[in-house]
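>
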Amino acid sequence: MSKYLLKVVGKKQTVAHIWDGSSKDTACRLWSTGGIHSKENYVVRDDTMGRGICQLCKHKTDPVLNERQQQQSRDRRSLEIRCSELESKLDSTNSRLAACLRANSRRDDIFRKMEEDKIIESYFRSKGQ
Ligand SMILES: [Zn+2]
408 MSKYLLKVVG
418 KKQTVAHIWD
428 GSSKDTACRL
438 WSTGGIHSKE
448 NYVVRDDTMG
458 RGICQLCKHK
468 TDPVLNERQQ
478 QQSRDRRSLE
488 IRCSELESKL
498 DSTNSRLAAC
508 LRANSRRDDI
518 FRKMEEDKII
528 ESYFRSKGQ
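My numbering puts the first residue of the sequence shown at 408, with every later residue one more than the last.
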């Protein structure tokens, strides 16, 4: 059963964060990263007190979404490794990735005319992500 971290002091009704008892933190890591200023204003409960769930918490606990994000960063990493020889010539990660895609893709004639962001976007879209 899920537990929720709720702010109970203050006028404004806030969202319910999903509380992870084992790591003693919210799913969105608000607790450990200092996003909550006065921890005594919060309680952990079994219900949301009718509040909406924090969007970030929801995303972090969605296994489908998580798997997709992990796959994307794995793909990105492996692509970046293959592109490491371009590293010295280009500064940002996105430029590197775009240059690599331009160099490796069969669609390089199309990619050459596209913006860097669009190339990366279209790469991930073509992989169904
Ligand atoms: Zn949250």
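We put the beta carbon where it would ideally sit given N, CA and C, even for glycine. For clarity, every value in this text was computed on a predicted model and none was experimentally measured.
What did DSSP end up calling His466 once you bin it into helix, strand or coil?
Helix.
> Quick check: what's the CA-CA separation for Ile443 versus Gln420?
Their backbone Cα atoms lie some 15 Å apart in a straight line.
> Relative to the C-alpha of Ser429, which candidate in Lys410, Ile460, Ser485, Met456 has its C-alpha closest?
Ranking Lys410, Ile460, Ser485, Met456 by Cα distance to Ser429 puts Lys410 first.
> Mind checking whether the beta-carbon of His424 lies closer than 6 Å to any heavy atom of ligand 1?
His424 Cβ: within cutoff of ligand 1.
> Check each candidate in Arg475, Ile488, Asp454 and name the one with the smallest Cα separation from Ile425.
If we check each option's Cα against that of Ile425, Asp454 comes out closest.
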